[in-house]
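The end of the sequence shown is residue 433 by the numbering used here, with every number in the run present.
In this text, a Cβ means the ideal position worked out from N, Cα and C, and glycines have one as well.
Keep in mind that this is a model prediction, so the values were computed, not measured.
The structure appears right after this line, and notes come after that.
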Amino acid sequence: MTDKIRQSDPWITQLEIDTVADMMQNGWNNYDYVETFERKFAQYHNRKHALMTPCCTHAIHLALLSIGVNSGDEVIVPECTWTATAAPITYIGATPVFADIDPENWCLSPESVESKITEKTKAIIPVDLYGNMPDTSALEDLSELYEIPIIEDAAEALGTLYRVGDRGGNFKKAGSFGTASVFSFHRTKTITTGEGGMLLMDDSNMYERASFFRDHGRHPTIPYFTVAATPKYMPSNLAASVGYAQFQRLPELIDRKREIFLAYKERLSDVPDLQFNQDDERVYNGVWATSVVFGKSLGLRKPRILESLKEMGLPSRPFFYPLSVLNAYNYYGTGSMEENPNAYDISDRGITLPGSYSLTNGEIDRITDGIRKIVRK
Ligand SMILES: Cc1ncc(COP(=O)(O)O)c(C=O)c1O
């Protein structure tokens, strides 16, 4: 036993254990769990097709290949996201173009996207950062106007609902926007398969192409005859058995994530000028992870906040760095503080709090007391 607070931990019950045991006894010669998980996950998101992958990064790569992004093309992504949104663009030899985020929702700004569209732009990947949602209708308008498909990166937004249209409009699930969408089941995510991902889409031709790229470019009718040297991103039935069991428990998992989020917010309600994940009349946030942006009036920057929490023995994570500061993307020369000031500014003032399912009220008290001390220093 340790009293160390963990940043993220899954919530595994007897259902997951029994389902994995069934897979162990009966699941080595079929893809039953993969197929069932895919079918149920697509239905839940009101999509026609789903393909499970070994991780979400691979799902993004498959989506780009299937919509025909080629070497030399450009794909617009937010400046502020995890590297996985942009890295697969480079696998193809295409260029990730970084656009700014909206300071209110931390997601891709439609105005910035429009300013970055060129003849070479072949896709736009908005990211539902920390379960927040971008202005999907403005992005869909751009997609239609310029005929550029959207791949929604919903890796962090399982369970988020977004109200479309004006007040009183219907809620749509994160992951049901654009030509395709992707999810992650990494060990830190809302539901986990250890490592895993899902690609969702409606178009049957795209589904066929993505299936082809997922499994060695096999000939449609001649067994063991390959037509193209594609990646191999087949999922395992073992991972799918965990995922399917977790997915059946999704409502209670989201309730628990929201309970943690609301506990943080409630305990920190006396601290002025903190901006939490979006959760309002427009967005019902699935809150994969509670994130906080410290207001400018507090005069605090990310490195100092992270360091002070560490000194108190409290874990936390940095808000994602602007991708153009990372060595990985220097070569492409897109994005900068001048071009994308909001991404740089928000990232510089933000952190992510521990979001383990096992967090106790006492641990949440310790973390929020720590934040209060830093703010009052
Ligand atoms: C926004 C975003 N996109 C993509 C990914 C990639 O997920 P995975 O680790 O399953 O490849 C992640 C998760 O880490 C993510 O947070």
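Between residue 259 and residue 420, the alpha-carbon positions lie close to 44 Å from each other.
Annotation for residue 111: 251, 253 place their beta carbon closer than 6 Å to its own, counting only its chain and skipping 5 residues before and after. In the three-state scheme derived from DSSP, where H, G and I count as helix and E and B as strand, residue 431 is classed as helix. The count of Cβ pairs closer than 8 Å, one atom from the region 407–426 and one from the region 157–165, stays below three, leaving the stretches out of contact.
Taking a cut-off of 8 Å for Cβ pairs, the region 394–402 and the region 296–315 do not touch, as fewer than three such pairs fall below it.
The straight-line gap separating the alpha-carbon atoms of residue 369 and residue 363 is approximately 10 Å. At least one heavy atom of ligand 1 lies less than 7 Å from the C-beta of residue 242. Out of 80, 294, 227, the CA that lies nearest to the CA of residue 249 is found in 294. Counting only residues of its own chain and dropping the five nearest sequence neighbours on each side, residue 404 has a CB closer than 6 Å to the CB of 357, 358. Taking the Cβ of residue 212 as the reference point, at least one heavy atom of ligand 1 falls within a distance shorter than 7 Å. The three-state secondary structure of residue 269, taken from DSSP, is helix.
In the DSSP annotation of this structure, the continuous segment of the beta strand (DSSP E) that includes residue 180 starts and ends at 177–180. The alpha-carbon of residue 213 is positioned some 18 Å away from that of residue 196.
Its Cα nearest to that of residue 375, the residue 186 stands out among 235, 186, 289.
In this structure, residue 205 lies near residue 235, with their beta-carbon atoms less than 8 Å apart.
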